[in-house]
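Chemist:
There are 2 protein chains.
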Amino acid sequence: MHPPILEGNLAQPVIRRLNAMRQLSERGIALLQQAIQDGLHRARPGEDLATEGDPVDSVRIILSGWLCRYKTLADGRRQIVNFVLPGDSCDACVYLLSVMDHSIGALTPVTYADIKRPAFEQLLASDRSLEEALWCETMVSSAIQREWTVNIGRRVALERVAHLLCELYERLLPIGMIDGDSCLFPVTQMDLADATGLSVVHVNRTLQELRGSGLIVLRDRMLTINDLKLLKDTALFSADYLHTKRHG
Amino acid sequence: MHPPILEGNLAQPVIRRLNAMRQLSERGIALLQQAIQDGLHRARPGEDLATEGDPVDSVRIILSGWLCRYKTLADGRRQIVNFVLPGDSCDACVYLLSVMDHSIGALTPVTYADIKRPAFEQLLASDRSLEEALWCETMVSSAIQREWTVNIGRRVALERVAHLLCELYERLLPIGMIDGDSCLFPVTQMDLADATGLSVVHVNRTLQELRGSGLIVLRDRMLTINDLKLLKDTALFSADYLHTKRHG
DNA sequence: CGGTTAATTGACGTGAGTCAATCTCCGTGG
DNA sequence: CCACGGAGATTGACTCACGTCAATTAACCG
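Residue numbers (UniProt numbering), protein chains in the order written: chain G, 1 to 248; chain C, 1 to 248.
(1) Looking at the strands, I want to know which residues DSSP matches up with residue 42 (chain C).
(2) How many Å lie between residue 14 (chain C) and residue 38 (chain C) at the Cα?
(3) When the Cα atoms are used, what is the spatial distance from residue 164 (chain G) to residue 227 (chain G)?
(4) Go ahead and label residue 214 (chain C) buried or exposed: buried means 16 or more other beta carbons lie within 10 angstroms of its beta carbon, across all protein chains shown.
(5) Cβ atoms of residue 84 (chain C) and residue 107 (chain C): under 7 Å apart, would you say?
(6) If we ignore side chains and look at the alpha-carbon of each, how far apart do residue 88 (chain G) and residue 63 (chain G) end up?
(7) In whole angstroms, what is the alpha-carbon distance linking residue 261 (chain C) and residue 116 (chain C)?
(8) Suppose the cutoff is 7 Å on Cβ atoms and the five residues either side in sequence are ignored; what does the same chain contact list for residue 166 (chain C) look like?
(9) What do you get for residue 171 (chain G), buried or exposed, if any count of 16 or more other CB atoms within 10 angstroms of its CB means buried?
(10) Compare the beta carbon distance of residue 112 (chain C) and residue 60 (chain C) with 7 Å and say whether it is the shorter of the two.
(11) Take residue 52 (chain G) as the anchor and find which of G:133, G:241, G:34 and G:102 has the nearest alpha-carbon.
(12) Output yes if chain G places a C-beta closer than 7 Å to the C-beta of residue 317 (chain C); else output no.
(13) Give a yes or no on whether the minimum CB-CB distance between residue 148 (chain G) and chain C is below 7 Å.
(14) With a threshold of 16 other CB atoms inside 10 Å of the CB of residue 125 (chain G), please say whether the residue is buried or exposed.
(15) Measure from the C-beta of residue 102 (chain C) to each C-beta in chain G and report whether the shortest distance is under 7 Å.
(16) Output needed in chain order: residues of the region 230-247 of chain C with a Cβ under 9 Å from some Cβ in chain G.
(17) Pick out the complete alpha helix (DSSP H) segments inside the UniProt domain "HTH crp-type" (155-229) of chain C, 4 residues or longer, and give them in chain order.
(18) I need the straight-line Cα distance from residue 168 (chain C) to residue 190 (chain C), nearest angstrom please.
(19) Verify whether the separation of the beta carbon atoms of residue 16 (chain G) and residue 129 (chain G) is less than 7 Å.
(20) Taking three-plus beta-carbon pairs below 8 Å as touching, is the region 144-161 of chain C in contact with the region 41-56 of chain C?
(21) In the DSSP assignment, find the unbroken alpha helix (DSSP H) run with residue 122 (chain G) in it and report its ends.
(22) Roughly how many angstroms separate the alpha carbons of residue 143 (chain C) and residue 49 (chain C), rounded to a whole number?
(23) Is the beta carbon of residue 81 (chain G) less than 7 Å from the beta carbon of residue 79 (chain C)?
(24) Going straight from the alpha carbon of residue 76 (chain C) to that of residue 58 (chain G), what length do you get?
(25) Give the DSSP-derived three-state secondary structure of residue 81 (chain G) in the structure shown.
(26) Looking at the secondary structure, which residues open and close the alpha helix (DSSP H) in which residue 69 (chain C) lies?
(27) In terms of alpha-carbon separation, which member of C:56, C:222, C:74 and C:98 lies closest to residue 179 (chain C)?
(28) Buried or exposed: where does residue 132 (chain G) fall if 16 or more other Cβ atoms within 10 Å of its Cβ makes it buried?
(29) Since residue 96 (chain C) is in the alpha helix (DSSP H), which residue starts that stretch and which ends it?
(30) With which residues is residue 60 (chain C) paired in a DSSP beta bridge?
(31) Using 7 Å as the limit for Cβ to Cβ distance, is residue 117 (chain G) near chain C?
(32) Please list, in chain order, the residues of the region 69-97 of chain C that have any C-beta partner in chain G closer than 8 Å.
(33) Excluding the five sequence neighbours on either side, which residues of its own chain have a C-beta within less than 7 Å of the C-beta of residue 199 (chain G), listed in chain order?
(34) Using three-state DSSP, classify residue 141 (chain G) as helix, strand or coil.
(35) With which residues is residue 233 (chain C) paired in a DSSP beta bridge?
(36) For chain C, is any of its Cβ atoms less than 7 Å away from the one on residue 15 (chain G)?
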C-alpha cells in the first residue's frame with residue numbers, strides 16, 4: 001500500500017535536533033540510525049498516530065511531516081496542546097505510563113520510526129549521550145507546554161498568534177526547515193484556533209492584522225516572516241524556554 | 001534562624017506519591033530517605049525556591065507545603081503554570097537543561113530536600129524502581145501541564161475553576177491531605193486568577209457561583225467539596241490524565 | 001461541473017476584563 | 001484599647017475583546 005521508504009537520510013532532522021541538545025557520539029548516531037531503519041512507518045494527513053486512552057508500548061520518532069497533540073472535551077471542544085515536528089519524539093517516555101492521555105494526529109503525510117519499548121530501552125542503555133539527549137528533548141517539550149499555558153492564559157489574541165508563529169519558526173530553524181524567512185506551514189486556521197484557544201473567526205481576523213502590519217505573509221500553506229524582530233516584540237517572545245543553546 | 005527539622009517522617013508524602021507510580025523497593029525507600037535527610041531545607045511563604053534564568057544544579061523534593069511554578073511577562077502579567085504539592089519533585093530533570101525557564105514560589109511555609117546532581121544521579125542509578133517512579137512523576141507532571149493548556153484554552157470560567165479544584169482534590173488525596181471532604185487551601189483568589197488565566201474579580205464571582213450552587217465551601221483557607229460528583233461534571237473533569245492507577 | 005474543505009465577512013451578543021470603591025480581617029505600635 | 005496599615009475579598013458600573021451565527025467566496029479534486 002505504501003511506497004517503499006528510501007529517501008536519502010531520513011534520520012537527519014532527528015540527529016540535528018538531538019545534537020543541538022547534547023553532542024551525540026558516533027556510536028550513538030549509528031545505533032539511532034539503525035533503530036530508525038528498523039521501524040519505519042508512514043501516516044496520512046488526518047490519521048491519528050495515537051488516540052487518548054490507547055495503551056502505549058513504543059516510542060515514535062518523527063522523521064518528516066507535521067503532527068499535533070490534542071485533547072477533546074466531551075462536547076467536542078478541541079485543544080491542540082502542542083505541535084510535533086520532524087526530529088521530535090512522541091512520548092520518549094509516556095510509555096512509562098500505561099495509557100495515552102491525549103491523541104496525536106498527523107497534519108500532513110508523516111514518516112516516523114516506531115521503536116518498541118525493549119529496543120528503545122536498549123538504545124538508551126547503550127549510549128549515554130543518546131539517553132541524555134532524549135531526556136533533554138522531553139524536558140524541552142515540557143518547557144514548551146508551560147509556555148503554551150502562559151500564552152493562552154495571559155496573552156491577547158494578537159500576541160498569542162504571533163507567539164505561536166515565533167515558536168514554530170524557532171523550532172523549524174535548527175532542523176533546516178526554514179528557507180530564508182519562509183517555510184511550509186500546513187496548519188489550517190481551524191488548527192491555529194484550536195492551538196491558541198481562539199475561535200476560527202477571530203484567528204482569521206488576527207492573521208489579517210498581522211498581514212496588514214506587514215509582519216507576515218501567509219498563503220498557500222507558505223509562511224513568510226517579513227520582520228522577525230518586530231513579530232517577536234509583538235508576541236513578547238523570548239526563545240529561552242526552547243533551551244536551544246547547547247550547554248557544557 | 002530556622003528551627004531544627006525533626007518531624008516524625010517527613011519523607012512520608014514522597015514515598016506515598018512515588019509508590020502510587022511504581023512499587024518502591026525497601027532498598028529504594030531507604031536510599032531515598034537518606035538522601036532526603038541529607039538535604040533538608042525550609043522556605044517561607046512568598047520566597048522563591050528558584051527564579052527564571054537561574055542555573056539549575058539540584059533537584060528539590062517537596063516534603064510539606066504548597067508552591068507554584070509561574071512565569072511572568074515583561075509587563076508584569078503573571079501565569080501560574082502548575083502547583084507543586086508535597087511529594088512532588090521540582091525538576092527531577094530540568095537539571096538536564098542548564099537554566100530555569102520558570103520560577104517556583106512558596107505559597108506557604110515549605111520543607112524540602114535539596115539533592116545535588118551527583119547525589120541524585122547516584123540515587124537513580126542505585127535503584128531501578130526509584131528511577132522509574134521519578135520519571136513517572138515527571139511524565140505525570142507533563143500530562144498535568146497539557147491538561148492545564150486545555151483547561152485555559154477551552155473551558156469557560158466556571159468549568160475552569162471547578163476543574164482546578166477537582167485536580168487539586170485528586171492530587172491531595174493520595175498524599176493524605178484530604179480530611180473527609182475538606183482540605184487546607186492556601187491559595188488566594190489572586191493566585192487562582194493567575195492559575196486560570198482569569199482576572200481576580202472574575203474568579204471572585206465564579207467562586208460565588210460555585211458556593212451558590214452548594215458545590216463548595218471556601219473560606220479561611222479551608223476548602224470543602226460538598227458534591228464532588230457534581231463538581232466534576234461541572235468541570236468536565238476526568239482524572240485519567242493524573243495516571244494515578246498503578247499499572248502492571 | 002458538483003462537492004468539500006478552508007478562508008473570509010458582517011452583524012450582533014456576551015463572557016470576562018477594568019476601574020474604583022468598600023469591607024473585612026489581622027497584626028502592630030502607641 | 002484603639003488607631004493605622006496592608007493584604008485579601010467583595011461589589012457595582014461600565015467597556016471591550018472575542019465568540020457566535022450565518023452567509024459568501026475561494027480553492028481544490030476527482
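Ideal placement from N, C-alpha and C gives every residue a C-beta, glycine not left out. From a predicted model like this one, the values you see are computed outputs, not experimental measurements.
Modeler: Reading it off the structure:
(1) To locate residue 42 (chain C), count along the second sequence from 1; it is residue 42. In the DSSP output, where bridge partners are listed per residue, residue 42 (chain C) has C:111.
(2) Along the second sequence, one-based indexing puts residue 14 (chain C) at 14. Along the second sequence, one-based indexing puts residue 38 (chain C) at 38. Using only the alpha carbons, I get a separation of about 15 Å.
(3) The residue given as residue 164 (chain G) occupies position 164 in the first sequence. The residue given as residue 227 (chain G) occupies position 227 in the first sequence. Near 15 Å, if we compare the C-alpha coordinates of residue 227 (chain G) and residue 164 (chain G).
(4) Along the second sequence, one-based indexing puts residue 214 (chain C) at 214. Within a 10 Å sphere around the beta-carbon of residue 214 (chain C) sit fewer than 16 other beta-carbons, which makes this residue exposed.
(5) Taking the second sequence and counting its residues from 1, the one referred to as residue 107 (chain C) is at position 107. Taking the second sequence and counting its residues from 1, the one referred to as residue 84 (chain C) is at position 84. Taking 7 Å as the Cβ cut-off, residue 107 (chain C) and residue 84 (chain C) do not qualify as a contacting pair.
(6) Here residue 88 (chain G) is taken as the residue at index 88 of the first sequence, counted from 1. Here residue 63 (chain G) is taken as the residue at index 63 of the first sequence, counted from 1. Straight-line Cα distance between these residues: approximately 8 Å.
(7) With chain C represented from 1 up to 248, any question about residue 261 (chain C) goes unanswered, as that position is not in the structure.
(8) Locating residue 166 (chain C) in the second sequence gives position 166, counting from the first residue. Result list for residue 166 (chain C): 231, 232, 235 and 237, in chain order.
(9) One-based indexing of the first sequence puts residue 171 (chain G) at position 171. Flag for residue 171 (chain G) reads buried.
(10) Position 112 of the second sequence holds residue 112 (chain C). Position 60 of the second sequence holds residue 60 (chain C). In contact: residue 112 (chain C) and residue 60 (chain C) (Cβ atoms closer than 7 Å).
(11) Along the first sequence, read from residue 1 onward, the residue named residue 52 (chain G) stands at position 52. That would be G:102, whose Cα lies nearest to the Cα of residue 52 (chain G).
(12) Any question about residue 317 (chain C) goes unanswered here, given that chain C covers just 1 to 248.
(13) If you number the first sequence from 1, residue 148 (chain G) lands on position 148. Interface residue, yes.
(14) Residue 125 (chain G) sits at position 125 when you count from the first residue of the first sequence. By the neighbour-count rule (16 or more Cβ atoms within 10 Å), residue 125 (chain G) is not buried but exposed.
(15) Position 102 of the second sequence, counted from the first residue, corresponds to residue 102 (chain C). Judged by the 7 Å Cβ criterion, residue 102 (chain C) is in contact with chain G.
(16) 236, 238, 240, 241, 242, 243, 245 and 247
(17) 157-172, 189-196 and 200-212
(18) Counting from 1 along the second sequence, the entry for residue 168 (chain C) is found at position 168. Counting from 1 along the second sequence, the entry for residue 190 (chain C) is found at position 190. Going by the C-alpha atoms only, they are around 17 Å apart.
(19) Within the first sequence, numbered from 1, the residue matching residue 16 (chain G) stands at position 16. Within the first sequence, numbered from 1, the residue matching residue 129 (chain G) stands at position 129. Taking 7 Å as the Cβ cut-off, residue 16 (chain G) and residue 129 (chain G) do not qualify as a contacting pair.
(20) Short answer: they don't touch.
(21) Taking the first sequence and counting its residues from 1, one reaches residue 122 (chain G) at position 122. Its alpha helix (DSSP H) spans residues 117-126.
(22) In the second sequence, the residue the question calls residue 143 (chain C) occupies position 143. In the second sequence, the residue the question calls residue 49 (chain C) occupies position 49. Distance between the alpha carbons of residue 143 (chain C) and residue 49 (chain C): 23 Å.
(23) The sequence position of residue 81 (chain G) within the first sequence is 81, counting from 1. The sequence position of residue 79 (chain C) within the second sequence is 79, counting from 1. Their beta carbons are not under 7 Å apart, which means residue 81 (chain G) does not touch residue 79 (chain C) by this criterion.
(24) Counting from one through the second sequence, the residue named residue 76 (chain C) turns up at place 76. Counting from one through the first sequence, the residue named residue 58 (chain G) turns up at place 58. The straight-line gap from Cα to Cα measures roughly 42 Å.
(25) For the purposes of this step, residue 81 (chain G) is taken as the residue at position 81 of the first sequence. If DSSP states are grouped into helix, strand and coil, residue 81 (chain G) belongs with the strands.
(26) For the purposes of this step, residue 69 (chain C) is taken as the residue at position 69 of the second sequence. Segment 67-72 is the beta strand (DSSP E) holding residue 69 (chain C); no alpha helix (DSSP H) there.
(27) Within the second sequence, the letter at position 179 stands for residue 179 (chain C). Its Cα nearest to that of residue 179 (chain C), the residue C:222 stands out among C:56, C:222, C:74 and C:98.
(28) Here residue 132 (chain G) corresponds to residue number 132 of the first sequence, with the count starting at 1. Buried, by the Cβ-count rule.
(29) Counted from its first residue, the second sequence places residue 96 (chain C) at position 96. No alpha helix (DSSP H) contains residue 96 (chain C), which DSSP labels as neither H nor E.
(30) Mapped onto the second sequence, residue 60 (chain C) falls at position 60. Paired residue(s): C:90 and C:114.
(31) Numbered from its first residue, the first sequence carries residue 117 (chain G) at position 117. False, the Cβ-Cβ gap to chain C never drops below 7 Å.
(32) 69, 71, 73, 74, 75, 77, 78, 79, 81, 82, 93, 94, 96 and 97
(33) Position 199 of the first sequence, counted from the start, is the residue given in the question as residue 199 (chain G). Once the five neighbours on either side are set aside, the close Cβ partners of residue 199 (chain G) are 193.
(34) Walking along the first sequence from the start, residue 141 (chain G) turns up at place 141. Reduced to three states, the DSSP call for residue 141 (chain G) is helix.
(35) The residue you call residue 233 (chain C) lines up with position 233 of the second sequence. In the DSSP output, where bridge partners are listed per residue, residue 233 (chain C) has none listed.
(36) Taking the first residue of the first sequence as position 1, residue 15 (chain G) is located at position 15. Cβ-Cβ to chain C under 7 Å: no for residue 15 (chain G).
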